[in-house]
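Student:
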Amino acid sequence: MSREFLIKDSPNNYYTDIQTIINCDEVSDLQYEYENVGLPIIPKQFHHLYTKKRSDNVTAKYVITTMCDCGNKSNSYDNCLHFANQDFKYYFESLPFRLHHLYAVQPESQHQIRTQMFQRVMNYLDASPCSLVSDQLEKQFNSSSNTFISSPKHECHVYQDVKCMFPVEWEAYFHPKPALDFSKQAKLTLSVNHISAYVILCMMLIVLCLSKSLSMFSVFTDIVTEVLSYIFSFFVSIQKQNRQKVHVNTFKPLRILAFQSFTQCFYLFLGSYCVYQIVNICRGKDYQIEFQAIQTALMVSALVWKIVLFVSCRKMIKKENKFKAELEQCKQNHKLNMLSNKVGFVCVMITFQLPGKWKICDPAACLALTGLKLYLLCKQVSGQMKNLSCQSIIGTDELMMRLIHQFDVGKCQIAQMDGYTYNEKIILEIQLLADPEMTMNEAIKIKNHIQNGFENDVPGIFSCKVDFITE
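Take the sequence shown: its position 199, counting from 1, is numbered 1101 in the numbering used here, and each next residue is one higher.
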(Lines of atoms letter the chains of each structure in order from A and count residues from 1; the text may use other names and numbers.)
(Lines give C-alpha, C1' and ligand atoms only; values in the text may rest on other atoms or scores of the structure.)
Protein backbone atom coordinates (compact mmCIF):
# COMPACT_ATOMS: atom_id res chain seq x y z
CA MET A 1 0.00 0.00 0.00
CA SER A 2 1.11 3.54 -0.58
CA ARG A 3 -0.17 7.01 -0.17
CA GLU A 4 0.87 10.53 -1.07
CA PHE A 5 1.63 13.17 1.51
CA LEU A 6 1.11 16.78 0.55
CA ILE A 7 3.51 19.06 2.37
CA LYS A 8 1.67 22.13 3.56
CA ASP A 9 3.03 25.61 3.10
CA SER A 10 4.72 26.95 6.19
CA PRO A 11 4.37 30.72 6.65
CA ASN A 12 6.92 30.55 9.43
CA ASN A 13 9.54 29.32 6.99
CA TYR A 14 8.49 31.41 3.96
CA TYR A 15 8.19 28.20 1.93
CA THR A 16 5.17 29.63 0.13
CA ASP A 17 5.06 28.55 -3.51
CA ILE A 18 6.56 25.08 -3.38
CA GLN A 19 4.08 22.26 -2.78
CA THR A 20 5.92 18.97 -3.03
CA ILE A 21 4.23 15.57 -3.14
CA ILE A 22 6.39 12.82 -1.68
CA ASN A 23 5.56 9.16 -2.29
CA CYS A 24 5.65 7.18 0.97
CA ASP A 25 4.81 3.65 2.01
CA GLU A 26 1.59 3.79 3.94
CA VAL A 27 1.36 2.94 7.61
CA SER A 28 -2.19 3.31 8.92
CA ASP A 29 -1.19 4.82 12.25
CA LEU A 30 1.29 7.24 10.71
CA GLN A 31 -0.33 10.60 9.96
CA TYR A 32 2.08 13.29 8.74
CA GLU A 33 0.94 16.79 8.12
CA TYR A 34 4.07 18.92 7.95
CA GLU A 35 3.72 22.45 9.19
CA ASN A 36 7.48 22.78 9.33
CA VAL A 37 9.43 21.16 6.51
CA GLY A 38 12.78 21.52 8.24
CA LEU A 39 14.08 24.59 6.44
CA PRO A 40 15.19 27.59 8.51
CA ILE A 41 13.67 31.06 8.40
CA ILE A 42 15.72 33.33 6.15
CA PRO A 43 15.98 37.14 5.72
CA LYS A 44 13.52 38.96 3.47
CA GLN A 45 16.09 39.68 0.75
CA PHE A 46 16.43 35.93 0.23
CA HIS A 47 12.71 35.10 0.10
CA HIS A 48 12.96 34.49 -3.64
CA LEU A 49 14.91 31.32 -2.84
CA TYR A 50 11.78 29.89 -1.20
CA THR A 51 9.35 31.11 -3.87
CA LYS A 52 11.02 29.64 -6.94
CA LYS A 53 8.90 26.96 -8.52
CA ARG A 54 10.40 23.62 -9.32
CA SER A 55 11.36 23.13 -12.93
CA ASP A 56 8.78 21.20 -14.98
CA ASN A 57 11.39 18.82 -16.37
CA VAL A 58 12.27 17.57 -12.89
CA THR A 59 10.28 14.42 -12.17
CA ALA A 60 12.36 12.98 -9.32
CA LYS A 61 10.29 11.73 -6.38
CA TYR A 62 11.94 10.62 -3.20
CA VAL A 63 10.71 7.70 -1.12
CA ILE A 64 10.57 7.70 2.66
CA THR A 65 9.81 4.17 3.84
CA THR A 66 7.67 4.18 6.95
CA MET A 67 7.86 0.44 7.68
CA CYS A 68 10.89 -0.19 9.89
CA ASP A 69 12.88 -3.39 9.30
CA CYS A 70 15.87 -2.56 11.49
CA GLY A 71 15.27 -5.45 13.88
CA ASN A 72 12.95 -3.96 16.48
CA LYS A 73 9.90 -5.97 17.36
CA SER A 74 7.17 -3.45 16.71
CA ASN A 75 8.32 -2.48 13.20
CA SER A 76 7.21 1.04 14.05
CA TYR A 77 8.78 3.96 12.26
CA ASP A 78 8.83 6.02 15.45
CA ASN A 79 10.68 3.26 17.32
CA CYS A 80 13.38 2.85 14.68
CA LEU A 81 16.86 2.48 16.16
CA HIS A 82 18.26 5.03 13.73
CA PHE A 83 15.82 7.68 14.92
CA ALA A 84 16.66 7.47 18.61
CA ASN A 85 18.34 10.82 18.03
CA GLN A 86 15.45 13.22 17.43
CA ASP A 87 17.68 15.78 15.72
CA PHE A 88 18.73 13.21 13.12
CA LYS A 89 15.13 12.11 12.64
CA TYR A 90 14.05 15.72 12.13
CA TYR A 91 16.85 16.25 9.60
CA PHE A 92 16.23 12.96 7.78
CA GLU A 93 12.52 13.75 7.32
CA SER A 94 13.46 17.12 5.82
CA LEU A 95 15.74 15.60 3.15
CA PRO A 96 13.02 15.22 0.44
CA PHE A 97 12.07 18.88 0.80
CA ARG A 98 15.71 19.94 0.76
CA LEU A 99 16.40 17.96 -2.41
CA HIS A 100 13.32 19.38 -4.15
CA HIS A 101 14.38 22.84 -3.05
CA LEU A 102 17.82 22.30 -4.61
CA TYR A 103 16.15 21.23 -7.86
CA ALA A 104 13.95 24.33 -7.76
CA VAL A 105 16.73 26.86 -7.22
CA GLN A 106 19.46 25.01 -9.16
CA PRO A 107 22.49 26.60 -7.44
CA GLU A 108 25.90 26.19 -9.06
CA SER A 109 27.14 24.36 -5.98
CA GLN A 110 24.25 21.87 -6.01
CA HIS A 111 26.55 18.86 -6.37
CA GLN A 112 28.76 19.93 -3.45
CA ILE A 113 25.72 20.63 -1.25
CA ARG A 114 24.21 17.22 -2.03
CA THR A 115 27.53 15.56 -1.24
CA GLN A 116 27.74 17.30 2.13
CA MET A 117 24.13 16.35 2.95
CA PHE A 118 24.81 12.73 2.06
CA GLN A 119 28.05 12.70 4.05
CA ARG A 120 26.25 14.06 7.10
CA VAL A 121 23.70 11.24 6.96
CA MET A 122 26.33 8.55 6.40
CA ASN A 123 28.49 9.80 9.27
CA TYR A 124 25.57 9.23 11.62
CA LEU A 125 24.58 5.87 10.12
CA ASP A 126 28.15 4.56 10.16
CA ALA A 127 28.48 5.52 13.82
CA SER A 128 25.22 3.82 14.84
CA PRO A 129 24.26 0.96 12.51
CA CYS A 130 21.17 -1.08 13.28
CA SER A 131 21.22 -4.85 13.85
CA LEU A 132 20.26 -5.65 10.25
CA VAL A 133 23.24 -3.75 8.90
CA SER A 134 25.81 -4.31 11.67
CA ASP A 135 25.47 -8.11 11.58
CA GLN A 136 26.76 -8.33 8.02
CA LEU A 137 29.20 -5.59 7.11
CA GLU A 138 31.39 -5.84 4.07
CA LYS A 139 34.67 -4.00 4.50
CA GLN A 140 35.75 -2.20 1.37
CA PHE A 141 38.94 -0.25 0.79
CA ASN A 142 38.55 3.34 -0.34
CA SER A 143 41.64 3.97 -2.47
CA SER A 144 41.04 7.71 -2.76
CA SER A 145 41.14 8.32 1.00
CA ASN A 146 43.19 5.24 2.01
CA THR A 147 40.53 4.15 4.51
CA PHE A 148 38.06 1.28 4.95
CA ILE A 149 34.36 2.02 4.69
CA SER A 150 31.38 -0.17 5.55
CA SER A 151 29.17 -1.33 2.72
CA PRO A 152 26.03 -3.12 3.96
CA LYS A 153 25.10 -6.36 2.23
CA HIS A 154 21.55 -6.06 3.57
CA GLU A 155 20.11 -2.56 3.55
CA CYS A 156 17.52 -1.49 6.09
CA HIS A 157 14.76 0.97 5.20
CA VAL A 158 16.92 3.99 6.07
CA TYR A 159 19.80 2.84 3.88
CA GLN A 160 17.35 2.15 1.06
CA ASP A 161 15.89 5.64 1.38
CA VAL A 162 19.35 7.21 1.35
CA LYS A 163 20.31 5.14 -1.69
CA CYS A 164 17.15 6.30 -3.47
CA MET A 165 17.63 9.97 -2.64
CA PHE A 166 21.40 10.07 -3.28
CA PRO A 167 22.14 7.49 -6.01
CA VAL A 168 25.21 9.26 -7.41
CA GLU A 169 26.68 10.02 -4.00
CA TRP A 170 25.95 6.47 -2.82
CA GLU A 171 27.85 4.98 -5.75
CA ALA A 172 30.80 7.32 -5.25
CA TYR A 173 30.89 6.58 -1.51
CA PHE A 174 30.75 2.78 -1.58
CA HIS A 175 32.33 2.17 -4.98
CA PRO A 176 34.82 5.02 -5.42
CA LYS A 177 36.76 5.29 -8.63
CA PRO A 178 40.45 6.09 -8.14
CA ALA A 179 40.92 9.77 -8.87
CA LEU A 180 43.80 10.83 -11.08
CA ASP A 181 46.31 12.63 -8.91
CA PHE A 182 48.58 15.07 -10.72
CA SER A 183 49.87 16.79 -7.57
CA LYS A 184 53.27 15.07 -7.76
CA GLN A 185 53.65 16.06 -11.41
CA ALA A 186 52.62 19.63 -10.54
CA LYS A 187 55.18 19.79 -7.73
CA LEU A 188 57.84 18.44 -10.07
CA THR A 189 56.90 21.03 -12.70
CA LEU A 190 57.16 23.83 -10.15
CA SER A 191 60.52 22.54 -8.90
CA VAL A 192 61.88 22.40 -12.46
CA ASN A 193 60.64 25.96 -13.06
CA HIS A 194 62.31 27.25 -9.92
CA ILE A 195 65.63 25.53 -10.62
CA SER A 196 65.53 26.66 -14.24
CA ALA A 197 65.03 30.26 -13.12
CA TYR A 198 68.32 30.18 -11.19
CA VAL A 199 70.16 28.55 -14.11
CA ILE A 200 68.79 31.06 -16.63
CA LEU A 201 69.66 33.87 -14.21
CA CYS A 202 73.32 32.79 -14.32
CA MET A 203 73.18 32.52 -18.12
CA MET A 204 71.70 36.02 -18.49
CA LEU A 205 74.29 37.41 -16.09
CA ILE A 206 77.05 36.06 -18.34
CA VAL A 207 75.35 37.51 -21.44
CA LEU A 208 74.94 40.89 -19.73
CA CYS A 209 78.56 41.07 -18.58
CA LEU A 210 79.89 40.16 -22.03
CA SER A 211 77.52 42.28 -24.12
CA LYS A 212 77.04 45.39 -21.90
CA SER A 213 73.65 45.86 -23.57
CA LEU A 214 70.66 47.66 -22.09
CA SER A 215 68.30 45.22 -23.80
CA MET A 216 70.08 42.34 -22.12
CA PHE A 217 69.89 44.24 -18.85
CA SER A 218 66.10 44.46 -19.28
CA VAL A 219 65.96 40.70 -19.92
CA PHE A 220 68.15 40.16 -16.86
CA THR A 221 65.82 42.21 -14.65
CA ASP A 222 62.90 40.00 -15.76
CA ILE A 223 64.72 36.91 -14.54
CA VAL A 224 65.73 38.66 -11.30
CA THR A 225 62.11 39.65 -10.66
CA GLU A 226 60.99 36.07 -11.32
CA VAL A 227 63.57 34.65 -8.91
CA LEU A 228 62.61 37.19 -6.24
CA SER A 229 58.93 36.27 -6.62
CA TYR A 230 59.81 32.60 -6.08
CA ILE A 231 61.83 33.47 -2.99
CA PHE A 232 58.95 35.62 -1.76
CA SER A 233 56.48 32.75 -2.26
CA PHE A 234 58.83 30.41 -0.40
CA PHE A 235 58.89 32.61 2.71
CA VAL A 236 55.11 33.04 2.57
CA SER A 237 54.69 29.24 2.47
CA ILE A 238 56.89 28.93 5.57
CA GLN A 239 54.74 31.49 7.39
CA LYS A 240 51.58 29.56 6.45
CA GLN A 241 52.96 26.57 8.33
CA ASN A 242 53.71 28.57 11.46
CA ARG A 243 50.76 30.99 11.59
CA GLN A 244 47.06 30.94 11.18
CA LYS A 245 45.70 31.13 7.65
CA VAL A 246 43.77 34.35 8.26
CA HIS A 247 46.84 36.17 9.63
CA VAL A 248 49.00 35.22 6.65
CA ASN A 249 46.34 36.04 4.03
CA THR A 250 45.62 39.40 5.67
CA PHE A 251 49.14 40.76 5.14
CA LYS A 252 49.89 38.96 1.88
CA PRO A 253 48.42 41.74 -0.36
CA LEU A 254 50.46 44.32 1.56
CA ARG A 255 53.67 42.38 0.98
CA ILE A 256 52.89 41.97 -2.71
CA LEU A 257 52.05 45.67 -2.98
CA ALA A 258 55.34 46.66 -1.33
CA PHE A 259 57.32 44.39 -3.65
CA GLN A 260 55.55 45.71 -6.75
CA SER A 261 56.06 49.33 -5.67
CA PHE A 262 59.79 48.73 -5.23
CA THR A 263 59.96 47.12 -8.68
CA GLN A 264 58.13 50.09 -10.19
CA CYS A 265 60.70 52.51 -8.77
CA PHE A 266 63.52 50.43 -10.24
CA TYR A 267 61.89 50.34 -13.69
CA LEU A 268 61.37 54.11 -13.58
CA PHE A 269 65.08 54.57 -12.93
CA LEU A 270 65.95 52.15 -15.75
CA GLY A 271 63.59 53.93 -18.15
CA SER A 272 65.12 57.32 -17.36
CA TYR A 273 68.61 55.91 -18.01
CA CYS A 274 67.43 54.55 -21.39
CA VAL A 275 66.18 58.02 -22.32
CA TYR A 276 69.58 59.42 -21.32
CA GLN A 277 71.38 56.95 -23.60
CA ILE A 278 69.01 57.65 -26.50
CA VAL A 279 69.71 61.39 -26.19
CA ASN A 280 73.47 60.74 -26.16
CA ILE A 281 73.26 58.59 -29.31
CA CYS A 282 71.23 61.29 -31.06
CA ARG A 283 73.96 63.78 -30.13
CA GLY A 284 76.56 61.57 -31.81
CA LYS A 285 78.17 59.95 -28.79
CA ASP A 286 79.58 56.47 -29.23
CA TYR A 287 77.60 53.47 -27.98
CA GLN A 288 79.38 50.12 -28.11
CA ILE A 289 78.13 46.62 -27.31
CA GLU A 290 79.61 43.15 -27.86
CA PHE A 291 77.53 40.22 -28.99
CA GLN A 292 79.46 37.15 -30.11
CA ALA A 293 78.60 33.50 -30.66
CA ILE A 294 78.61 32.59 -26.97
CA GLN A 295 76.02 35.26 -26.15
CA THR A 296 73.87 34.13 -29.08
CA ALA A 297 74.03 30.50 -27.98
CA LEU A 298 73.07 31.37 -24.40
CA MET A 299 70.17 33.58 -25.51
CA VAL A 300 68.75 30.98 -27.92
CA SER A 301 69.12 28.22 -25.31
CA ALA A 302 67.32 30.31 -22.69
CA LEU A 303 64.52 31.19 -25.13
CA VAL A 304 63.95 27.57 -26.19
CA TRP A 305 63.96 26.38 -22.59
CA LYS A 306 61.46 29.11 -21.63
CA ILE A 307 59.13 27.92 -24.40
CA VAL A 308 59.34 24.35 -23.08
CA LEU A 309 58.58 25.52 -19.52
CA PHE A 310 55.67 27.66 -20.74
CA VAL A 311 54.06 24.72 -22.57
CA SER A 312 54.54 22.38 -19.60
CA CYS A 313 52.91 24.88 -17.20
CA ARG A 314 49.96 25.44 -19.53
CA LYS A 315 49.32 21.69 -19.83
CA MET A 316 49.62 21.11 -16.09
CA ILE A 317 47.16 23.92 -15.30
CA LYS A 318 44.44 22.00 -17.17
CA LYS A 319 45.08 18.87 -15.08
CA GLU A 320 45.80 20.14 -11.56
CA ASN A 321 43.75 22.61 -9.51
CA LYS A 322 45.61 22.49 -6.20
CA PHE A 323 48.70 24.29 -7.53
CA LYS A 324 46.86 26.25 -10.22
CA ALA A 325 47.81 29.68 -8.81
CA GLU A 326 51.54 28.85 -8.64
CA LEU A 327 51.52 27.33 -12.12
CA GLU A 328 49.65 30.34 -13.50
CA GLN A 329 52.28 32.65 -12.00
CA CYS A 330 55.06 30.63 -13.63
CA LYS A 331 53.24 30.67 -16.97
CA GLN A 332 52.83 34.45 -16.90
CA ASN A 333 56.51 34.89 -16.00
CA HIS A 334 57.56 32.70 -18.93
CA LYS A 335 55.22 34.58 -21.28
CA LEU A 336 56.75 37.94 -20.38
CA ASN A 337 60.30 36.55 -20.47
CA MET A 338 59.81 35.06 -23.94
CA LEU A 339 58.61 38.43 -25.23
CA SER A 340 61.50 40.35 -23.69
CA ASN A 341 64.02 37.72 -24.85
CA LYS A 342 62.85 37.87 -28.47
CA VAL A 343 62.65 41.67 -28.61
CA GLY A 344 65.95 42.11 -26.79
CA PHE A 345 67.76 39.56 -28.94
CA VAL A 346 66.57 41.08 -32.24
CA CYS A 347 67.38 44.65 -31.19
CA VAL A 348 70.80 43.83 -29.79
CA MET A 349 71.71 42.03 -33.03
CA ILE A 350 70.59 45.06 -35.07
CA THR A 351 72.62 47.36 -32.82
CA PHE A 352 75.70 45.16 -33.07
CA GLN A 353 75.56 44.56 -36.84
CA LEU A 354 74.43 47.95 -38.18
CA PRO A 355 76.34 51.22 -37.71
CA GLY A 356 75.28 54.78 -37.05
CA LYS A 357 71.84 55.66 -35.75
CA TRP A 358 70.80 51.98 -35.68
CA LYS A 359 72.56 51.76 -32.34
CA ILE A 360 69.53 53.51 -30.88
CA CYS A 361 67.63 50.20 -31.19
CA ASP A 362 69.23 48.74 -28.06
CA PRO A 363 68.24 51.47 -25.54
CA ALA A 364 64.92 51.99 -27.37
CA ALA A 365 64.08 48.29 -26.94
CA CYS A 366 65.00 48.49 -23.27
CA LEU A 367 62.78 51.58 -22.89
CA ALA A 368 59.84 49.86 -24.64
CA LEU A 369 60.17 46.72 -22.51
CA THR A 370 60.46 48.82 -19.37
CA GLY A 371 57.31 50.74 -20.30
CA LEU A 372 55.44 47.48 -20.86
CA LYS A 373 56.55 46.16 -17.48
CA LEU A 374 55.52 49.40 -15.79
CA TYR A 375 52.09 49.16 -17.40
CA LEU A 376 51.63 45.56 -16.23
CA LEU A 377 52.85 46.45 -12.74
CA CYS A 378 50.42 49.37 -12.53
CA LYS A 379 47.56 47.02 -13.40
CA GLN A 380 48.72 44.59 -10.71
CA VAL A 381 49.06 47.37 -8.12
CA SER A 382 45.57 48.61 -8.99
CA GLY A 383 44.26 45.08 -8.52
CA GLN A 384 45.99 44.76 -5.16
CA MET A 385 44.51 48.08 -4.03
CA LYS A 386 41.04 46.81 -4.95
CA ASN A 387 41.74 43.61 -3.04
CA LEU A 388 42.65 45.61 0.05
CA SER A 389 39.36 47.53 -0.05
CA CYS A 390 36.42 45.43 1.14
CA GLN A 391 33.52 45.74 -1.29
CA SER A 392 30.04 44.45 -0.59
CA ILE A 393 28.88 41.69 -2.93
CA ILE A 394 25.28 41.60 -4.12
CA GLY A 395 24.78 37.97 -5.12
CA THR A 396 25.08 35.75 -2.05
CA ASP A 397 22.34 33.31 -3.04
CA GLU A 398 24.88 30.50 -3.47
CA LEU A 399 26.22 31.05 0.04
CA MET A 400 22.71 31.22 1.50
CA MET A 401 21.82 27.93 -0.20
CA ARG A 402 24.91 26.37 1.35
CA LEU A 403 23.95 27.71 4.77
CA ILE A 404 20.38 26.39 4.47
CA HIS A 405 21.26 22.87 3.37
CA GLN A 406 24.93 22.21 4.04
CA PHE A 407 25.12 23.40 7.64
CA ASP A 408 23.07 22.73 10.75
CA VAL A 409 21.68 25.94 12.26
CA GLY A 410 19.55 24.04 14.77
CA LYS A 411 16.38 25.90 15.72
CA CYS A 412 17.94 29.28 15.00
CA GLN A 413 16.61 31.68 12.40
CA ILE A 414 18.95 33.24 9.85
CA ALA A 415 18.65 36.96 10.53
CA GLN A 416 21.27 38.37 8.16
CA MET A 417 24.04 37.35 5.75
CA ASP A 418 26.52 39.84 4.27
CA GLY A 419 29.52 39.19 2.04
CA TYR A 420 32.54 41.39 1.28
CA THR A 421 35.37 40.83 -1.18
CA TYR A 422 38.91 40.88 0.15
CA ASN A 423 42.06 39.66 -1.63
CA GLU A 424 39.91 38.04 -4.36
CA LYS A 425 38.03 36.11 -1.68
CA ILE A 426 34.93 36.66 0.44
CA ILE A 427 34.56 37.74 4.05
CA LEU A 428 31.25 36.33 5.26
CA GLU A 429 29.24 37.71 8.18
CA ILE A 430 26.22 35.76 9.43
CA GLN A 431 23.74 36.70 12.15
CA LEU A 432 21.53 34.02 13.71
CA LEU A 433 18.48 34.69 15.85
CA ALA A 434 19.09 32.51 18.89
CA ASP A 435 16.43 30.14 20.15
CA PRO A 436 15.39 31.03 23.74
CA GLU A 437 15.88 27.41 24.84
CA MET A 438 19.37 27.14 23.38
CA THR A 439 22.25 26.58 25.79
CA MET A 440 25.64 28.25 25.53
CA ASN A 441 27.34 25.00 24.51
CA GLU A 442 24.83 24.47 21.70
CA ALA A 443 25.39 28.00 20.43
CA ILE A 444 29.18 27.57 20.46
CA LYS A 445 28.86 24.24 18.66
CA ILE A 446 26.67 25.73 15.91
CA LYS A 447 28.96 28.75 15.57
CA ASN A 448 32.13 26.66 15.22
CA HIS A 449 30.37 24.25 12.87
CA ILE A 450 29.34 27.03 10.46
CA GLN A 451 32.56 29.06 10.67
CA ASN A 452 34.90 26.10 10.22
CA GLY A 453 32.69 24.62 7.52
CA PHE A 454 32.66 27.77 5.38
CA GLU A 455 36.38 28.48 5.84
CA ASN A 456 37.56 24.91 5.21
CA ASP A 457 34.99 23.39 2.84
CA VAL A 458 33.67 26.27 0.73
CA PRO A 459 36.09 27.57 -1.92
CA GLY A 460 36.67 31.31 -2.12
CA ILE A 461 35.90 32.08 1.54
CA PHE A 462 38.56 34.18 3.29
CA SER A 463 36.89 34.15 6.70
CA CYS A 464 33.46 33.58 8.22
CA LYS A 465 32.05 35.23 11.34
CA VAL A 466 28.87 34.03 13.04
CA ASP A 467 27.08 36.12 15.67
CA PHE A 468 23.96 35.38 17.70
CA ILE A 469 21.33 38.04 18.33
CA THR A 470 18.11 38.08 20.35
CA GLU A 471 14.77 39.67 19.61
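Don't be surprised by glycine CBs; every beta carbon is placed ideally from N, CA and C.
Alpha helix (DSSP H) containing K1327: first to last residue?
Tutor: No alpha helix (DSSP H) holds K1327; the beta strand (DSSP E) holding it covers K1327 to L1335.
Student: Assuming K1224 and A1088 form a contact by the criterion Cβ under 8 Å, report the distance between their Cβ atoms to the nearest whole angstrom.
Tutor: About 7 Å; that satisfies the 8 Å criterion.
Student: If C1215 and T1127 are in contact, beta carbons under 8 Å, what's the gap, nearest whole angstrom?
Tutor: The pair is not a contact, with the Cβ atoms about 17 Å apart (cut-off 8 Å).
Student: Quick check: the Cα distance between M1118 and Q1197, rounded to an integer number of angstroms?
Tutor: Going by the C-alpha atoms only, they are around 10 Å apart.
Student: Give every residue of the same chain whose Cβ lies closer than 6 Å to the Cβ of N983, excluding the five residues on either side of it in the sequence, and list them in chain order.
Tutor: This sequence places Leu at residue 983; Asn is not what is there. Excluding sequence neighbours, L983 sits near C972 and C1032.
Student: Nearest to D1187 by alpha carbon, out of Y1178, V1248 and M1201?
Tutor: At residue 1187 the sequence reads Lys, which differs from the Asp that was named. The shortest C-alpha separation from K1187 is found at Y1178.
Student: In this structure, how does DSSP classify D1369 when only helix, strand and coil are distinguished?
Tutor: It is a strand residue.
Student: Looking at I1180: is its Cβ nearer than 8 Å to the Cβ of P1265?
Tutor: In this structure, P1265 lies closer than 8 Å to I1180 by Cβ.
Student: Around the C-beta of C1104, are 16 or more other C-beta atoms found within 10 angstroms, so that it is buried, or is it exposed?
Tutor: Label assigned to C1104: exposed.
Student: How would you call S1093, buried or exposed, if buried means at least 16 neighbouring beta carbons within 10 angstroms?
Tutor: Under this definition S1093 is an exposed residue.
Student: So the candidates are S1242, A1006, Y1061 and Y1005; which of them puts its Cα closest to the Cα of Y1026?
Tutor: The shortest C-alpha separation from Y1026 is found at Y1061.
Student: Excluding sequence positions up to five away, which residues of its chain have a Cβ less than 6 Å from the Cβ of L1172?
Tutor: Around L1172: T1272.
Student: How is the beta strand (DSSP E) around Q1308 delimited, first residue to last?
Tutor: First-last for Q1308: D1299 to Q1308, but that is the alpha helix (DSSP H), not the beta strand (DSSP E).
Student: Using alpha carbons as the reference points, say which of I1133, V1023, Y979 and F1068 lies closest to H1059.
Tutor: Ranking the options by Cα distance to H1059, first place goes to Y979.
Student: According to DSSP, what are the bridge partners of I944?
Tutor: None; I944 has no bridge partner.
Student: Roughly how far, in whole angstroms, is the beta-carbon of Q1315 from the beta-carbon of L1301, given that I think they are within contact range, below 8 Å?
Tutor: Not quite, the Cβ-Cβ distance comes to about 17 Å (not below 8 Å), so this is no contact.
Student: Excluding sequence positions up to five away, which residues of its chain have a Cβ less than 7 Å from the Cβ of A1317?
Tutor: Excluding positions up to five away in sequence, the list reads P945, Q1333, L1334, L1335 and I1371.
Student: Grouping DSSP H, G and I as helix and E and B as strand, with all else coil, what is I1158?
Tutor: Helix.
Student: Could you check what DSSP says for I1262 in three-state terms: helix, strand or coil?
Tutor: Three-state DSSP puts I1262 in a helix.
Student: Suppose you measure from the CA of F990 to the CA of V1368; what does that come to, to the nearest Å?
Tutor: Their backbone Cα atoms lie some 23 Å apart in a straight line.
Student: Indicate the three-state DSSP secondary structure (helix, strand or coil) for F1364 in the structure shown.
Tutor: Note: F1364 maps to strand in three-state DSSP.
Student: Which residues mark the beginning and the end of the alpha helix (DSSP H) in which E1073 is found?
Tutor: Per DSSP, E1073 belongs to the alpha helix (DSSP H) from P1069 to F1076.
Student: Do D1124 and S1203 have their beta-carbon atoms positioned less than 8 Å apart in this structure?
Tutor: Result no, Cβ atoms of S1203 and D1124 do not sit closer than 8 Å.
Student: Name the residue from S1011, M1024, S1365 and Q1231 whose alpha carbon lies nearest to the alpha carbon of I1328.
Tutor: The shortest Cα separation from I1328 among S1011, M1024, S1365 and Q1231 belongs to S1365.
Student: So, are the CB atoms of L1004 and Q1012 less than 8 Å apart?
Tutor: Result yes, Cβ atoms of L1004 and Q1012 sit closer than 8 Å.
Student: Under 8 Å, do E1344 and G1312 count as touching if we go by C-beta distance?
Tutor: Contact flag set, yes.
Student: Give me the residue from S1131, A1006 and L1279 with the minimum Cα distance to S1163.
Tutor: Per the Cα distances, L1279.
Student: In the DSSP assignment, find the alpha helix (DSSP H) that holds M1251 and state where it starts and stops.
Tutor: Element bounds for M1251: K1226 to Q1255.
Student: Taking the continuous alpha helix (DSSP H) assigned at E1192, which residues delimit it?
Tutor: Unbroken run through E1192: none, as it is neither H nor E.
Student: Report all residues from its chain with a CB closer than 8 Å to the CB of Q1194; omit the five preceding and five following residues, and keep chain order.
Tutor: Around Q1194: L1112.
Student: Does the Cβ-Cβ distance between A1099 and V1129 come in under 8 Å?
Tutor: Closer than 8 Å, so yes.
Student: Determine the closest residue to S1361 out of M1340, R1304, L1269 and I1209, with distance taken between C-alpha atoms.
Tutor: Note on identity: in this sequence residue 1361 is Pro, with Ser being the wrong assignment. Of M1340, R1304, L1269 and I1209, the residue nearest in Cα terms is R1304.
Student: Can you give me the Cβ contacts of K1114 inside the same chain, cut-off strictly under 7 Å, excluding the 5 residues immediately before and after it?
Tutor: Excluding residues within five positions, the ones whose Cβ falls inside 7 Å are I1191 and E1192.
Student: State the beta-bridge partners of I1316 as determined by DSSP.
Tutor: Answer is L1334.
Student: Going by CA-CA distance only, name the one from Q1234, I1306 and L1269 that's closest to Q1282.
Tutor: Checked all of Q1234, I1306 and L1269; the closest Cα to Q1282 is Q1234.
Student: What are the partner residues of I1219, as DSSP defines its beta bridges?
Tutor: The partner list for I1219 (beta bridge, DSSP) is empty, contrary to what the question assumes.
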